[in-house]
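A.B. asks: Heads up: the protein sequence lines correspond to chains C and P, in order.
Residues in the first sequence are numbered from 1 upward in steps of one, following the numbering used here.
Residues in the second sequence are numbered from 426 upward in steps of one, following the numbering used here.
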Amino acid sequence: MIDFRHNNVRSAGTTDTVVIGAGHAGLATSFCLNERSVDHVVLERGEVANSWRKERWDSLKLLTPNWQSRLPGFSYAGDDPGGFMSMPEVIDFIQDYADFSEAPVKTNTTVTSVSKHSDGYRVMTNNGEWQADSVVIASGACNVAVRPKAAESIPKDVKTLTPHQYRGPDQLEPGGVLVVGASATGLQLADEIQRAGHEVTIAVGEHVRMPRRYRGQDIQVWLDRTGILNECYDEVDDVVRARGLPSPQLIGSSERKLLDLNSLTDSGVRLAGRLMGVNNGVAQFSGSLGNVCALADLKMNRLLDSIDDWIMTHSVLCDGAERFASTRIDESPTLSVDLSDGSIRTIIWATGFRPDYSWLDVPVLDRKGRIRHEGGVVDAPGMYVVGLPMLRRRKSSFIHGVEDDVRDLTAHLHDFLGTELRLAG
Amino acid sequence: MSAVLKEVDNGVNVEALLGAREALTEAPEAAQFVWRATSEWKNGTHTQSSVNRFFGLGEEQSHVREYSYDTDHPEIFASEDKGSTPVEFVLVGLAGCLTAGIAAVATHRAIQLNSVKATIDAPMDIQGILGIDSDVRNGFDGITVKYQIDADASEDDIAAIVAQSQKRSAVFDIITNPTNVTVEVNK
């Protein structure tokens, strides 16, 4: 489908605000800027929902149920609120939102640099130059798949893939697979690849264990109702830690399936500790597997305790409390695997993602390459970032979580533009 | 949580530790430490080692005094047993590190410790070190640490303290993860 409306968007010029990225966060920002009559443009390197189109594996479904798929002025209208969207459904949802909100999206426009310019910013693209008083970075949290240092020492005849390159088990050579990382990505890939007939080993570091369903409801119902998802970045003990937490071990599926390390063990996956290094072709795993599993079990139980307390305090009628079996590990888990003996043919780096700010020529990155911001207000006047984990709230990285953040930040941006105007006048 | 109201004294100055954490986040170069030991062979399998000086916070530091340790082998190895075996020292290091961590984490979480005792078992097949079987490694087959902890807290809270202590323990990391070791001679 060709959307002629988007062709009317200017390809260059001056505007109040440039929004970088037409995913759910950038489009939600655009919606709220429209509400405040802020002149703006949304620059998108590919198409609307580009990362969802190009950087997700085939079987992936959202970790959050459909009732949580909502954006400012827009929500899921289907007949399965408890279901989970497939990638084509997510793409349609976000494209529908772009059409509904009439966002001024300039597609196939890659930002090549953002720099300070007089009182505002100069945004260079492959398609012209923009000048704006403010910039909202909505280019995503998962642009680059992070690979550990050990990735440099993998023997040449072992294939390696990032989750961005992985589509499905059909693309893998026959033989063993090492999945490195035990977040939602690592567990989902280990599960599907083992089921496709490969012998899978999963390297497990610190992780977040969470049941899909608890006391008769999806876990997201309780996270939502108890207010946990609304916890603010300035209320938590250690915001750096909270922002770096791996995604919880969840999978979205029509059968509401539980996915944890025990279910992987049941289907034949071998658990190893965190991958620490590769020495002369031998992968070495940490001996801390027992402890990282114990930590995750204890933290899950603390979460369930807090849900139980809330249910009791609020006298909610629901199924009774339950506790899940502790994570089972072998008495002596594997400490090393010889990568040159042919037992492992493919390694998948499910070791997290990071944003790409290589185009950002404004000194706002810390020594670890993270953007310096206070709840999304970047450490440069008129610059904002949206759609990062725990940006302002626990829910910030979820589709539904972006609305409150964007409302706060567009209010701040609107005030900023007003102040600019007064100073200029 | 009544945590903030409880007076807890485990003898750990948590404010100082948290202050150091904050200061070193701002000045990561000051966090670069070098730990040192020196040793001298005495006789047979007996070696005397000592520690005193170390580097940290950007300058040379030292302990309040020099500490000296003897390592040797027991009499069943036809040695004179003038000290612990070196492998037992590794267990001493692990116990010291994990237990210090337990005290620090408990204090931070406002939990009073009444007693913390550990026993450590570390089986080893010495066919490795004797060169009898090259398939047997020299080191431990595994290490089991058993804590007996009496504290004013639930079982889960105590388990969480012990887990957090492992997560932040240098010696636990040194033992569970590989480290490059460089040994130079007469340089």
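Even for Gly, the Cβ is constructed at its ideal location relative to N, Cα and C.
Only a predicted model underlies this, so the values are computations on that prediction, with no experimental measurement involved.
Got a sec, what are the start and stop residues for the beta strand (DSSP E) C/Q131 sits in?
C.D. replies: Taken as a continuous stretch (DSSP letters only), the beta strand (DSSP E) holding C/Q131 covers G128 to I137.
A.B. asks: Got a sec: is the Cβ-Cβ distance from C/M276 to anything in chain P below 8 Å?
C.D. replies: Yes, C/M276 counts as interfacial toward chain P.
A.B. asks: Determine, for P/A428, whether the minimum Cβ-Cβ distance to residues of chain C falls below 8 Å.
C.D. replies: Because P/A428 carries a pLDDT of 44, less than 50, the predicted location of this residue cannot be relied on, and the following value inherits that uncertainty. It does not: the Cβ of P/A428 has no partner Cβ on chain C nearer than 8 Å.
A.B. asks: Give a yes or no on whether the C-beta atoms belonging to C/R354 and C/V135 are separated by under 8 Å.
C.D. replies: Contact flag unset, no.
A.B. asks: For C/I399, name the three-state secondary structure that DSSP assigns.
C.D. replies: Coil at C/I399, not helix or strand.
A.B. asks: Let me check understanding here. Comparing Cα to Cα, which of C/T14, C/G168, C/M312 and C/P163 lies closest to C/R215?
C.D. replies: Checked all of C/T14, C/G168, C/M312 and C/P163; the closest Cα to C/R215 is C/M312.
A.B. asks: Have a look at C/L258 and C/R53 and give me their C-alpha separation to the nearest angstrom.
C.D. replies: Distance between the alpha carbons of C/L258 and C/R53 is about 26 Å.
A.B. asks: Which same chain residues, not among the five before or five after C/F4, have their C-beta less than 7 Å away from its C-beta?
C.D. replies: The predicted model places C/F4 with a pLDDT of 41, which falls under 50 and marks its position as unreliable; any figure quoted below should be read in that light. Excluding positions up to five away in sequence, the list is empty.
A.B. asks: In the structure shown, what three-state DSSP assignment does C/I2 receive?
C.D. replies: Model confidence at C/I2 stands at a pLDDT of 41, short of 50, so the residue's coordinates are unreliable; what they give is reported in the following sentence. Three-state result, C/I2: coil.
A.B. asks: What do you get for C/F84, buried or exposed, if any count of 16 or more other CB atoms within 10 angstroms of its CB means buried?
C.D. replies: It counts as buried.
A.B. asks: Go to C/V221, then tell me how far its alpha helix (DSSP H) extends in each direction, as first and last residue.
C.D. replies: Looking at the DSSP string, the run of the alpha helix (DSSP H) that includes C/V221 is I219 to R225.
A.B. asks: Opposite C/Y121 in the DSSP bridges: which residues?
C.D. replies: Per DSSP, C/K116 and C/A132.
A.B. asks: Using a cut-off of 9 Å between C-beta atoms, extract the partners of C/S288 located in chain P.
C.D. replies: The contacting residues are Q591, K592, F597, D598, T601 and N602.
A.B. asks: Tell me the rounded alpha-carbon separation between C/S69 and C/D356.
C.D. replies: If you take the alpha carbons of C/S69 and C/D356, they lie about 25 Å apart.
A.B. asks: Taking C/Q284 and C/A182 to be in contact with their CB atoms under 8 Å, please state how far apart those CB atoms are, rounded to whole angstroms.
C.D. replies: Actually they do not touch by this definition, with Cβ atoms about 17 Å apart.
A.B. asks: Quick check: is the beta carbon of C/Q284 nearer than 8 Å to any beta carbon in chain P?
C.D. replies: Yes, contact with chain P.
A.B. asks: Please classify P/S427 as buried or exposed, where buried requires at least 16 other C-beta atoms within 10 Å of its C-beta.
C.D. replies: Low per-residue confidence applies at P/S427: pLDDT is 41, beneath 50, and the placement is therefore not dependable, though the value from the model is reported in the following sentence. So P/S427 ends up on the exposed side.
A.B. asks: Return no unless some Cβ of chain C is closer than 8 Å to the Cβ of P/D581.
C.D. replies: It does; some Cβ of chain C falls within 8 Å.
A.B. asks: Hey, would you say C/V179 sits closer than 8 Å to C/A196, going by beta carbons?
C.D. replies: The answer is no: Cβ separation not under 8 Å.
A.B. asks: What is the DSSP secondary structure of P/G444, reduced to helix, strand or coil?
C.D. replies: Three-state result, P/G444: helix.
A.B. asks: For P/A535, which option in P/I501, P/D577 and P/P499 has the closest C-alpha, if you only look at C-alpha atoms?
C.D. replies: Selected option, being the one with the closest Cα: P/D577.
A.B. asks: In the DSSP assignment, the beta strand (DSSP E) including C/M383 goes from what residue to what residue?
C.D. replies: Residues M383 to V385.
A.B. asks: Using the rule of at least 16 other Cβ atoms within 10 Å of the residue's Cβ for burial, across every protein chain shown, is C/C318 buried or exposed?
C.D. replies: Flag for C/C318 reads exposed.
A.B. asks: Step through the CB atoms of chain P and report whether any lies within less than 8 Å of the CB of C/L259.
C.D. replies: It does not; no Cβ of chain P falls within 8 Å.
A.B. asks: If you drop the 5 nearest sequence neighbours on each side, which residues of the same chain put their C-beta closer than 6 Å to that of C/I399?
C.D. replies: Once the five neighbours on either side are set aside, the close Cβ partners of C/I399 are H24 and S69.
A.B. asks: Residue ranges of each beta strand (DSSP E) run of no fewer than 3 residues wholly in the stretch 469-556 of chain P, ordered along the chain?
C.D. replies: Listed in chain order, the complete beta strand (DSSP E) runs (minimum 3 residues) inside the stretch 469-556 of chain P are 471-481, 484-496 and 538-546.
A.B. asks: Using a Cβ-Cβ cut-off of 8 Å, state whether C/L295 counts as contacting chain P.
C.D. replies: Closer than 8 Å: yes.
A.B. asks: Which residues, taken in chain order from the stretch 331-355 of chain C, show a beta carbon closer than 7 Å to some beta carbon of chain P?
C.D. replies: From the stretch 331-355 of chain C, only S332 have a Cβ closer than 7 Å to chain P.
A.B. asks: With 8 Å set as the bound, which would you pick, yes or no: does the beta-carbon of P/A455 sit closer than that to a beta-carbon of chain C?
C.D. replies: Not an interface residue.
A.B. asks: Restricting to Cα atoms, I'd like to know which of C/S153, C/L245, C/L388 and C/G175 is closest to C/E403.
C.D. replies: The shortest C-alpha separation from C/E403 is found at C/L388.
A.B. asks: Report the option in C/I94, C/V19 and C/P104 whose CA atom is closest to the CA atom of C/L71.
C.D. replies: The candidate whose alpha carbon is nearest that of C/L71 is C/I94.
A.B. asks: By the criterion of Cβ-Cβ separation under 7 Å, what are the contact partners of P/A588 in chain C?
C.D. replies: Under the 7 Å cutoff, chain C gives N291, A294, L295 and L298.
A.B. asks: Per DSSP, C/D338 forms a beta bridge with which residues?
C.D. replies: DSSP output for C/D338 lists C/V282 as bridge partner(s).
A.B. asks: For chain P, find out if any of its Cβ atoms is closer than 8 Å to the Cβ of C/N301; answer yes or no.
C.D. replies: Closer than 8 Å: yes.
A.B. asks: Answer yes or no: does any C-beta atom of chain P fall closer than 8 Å to that of C/N230?
C.D. replies: It does not; no Cβ of chain P falls within 8 Å.
A.B. asks: Nearest-angstrom Cα distance between C/H6 and C/T107?
C.D. replies: In this prediction, C/H6 has a pLDDT of 48, which is less than 50 and means its spatial position is unreliable; nothing more can be read from the coordinates.
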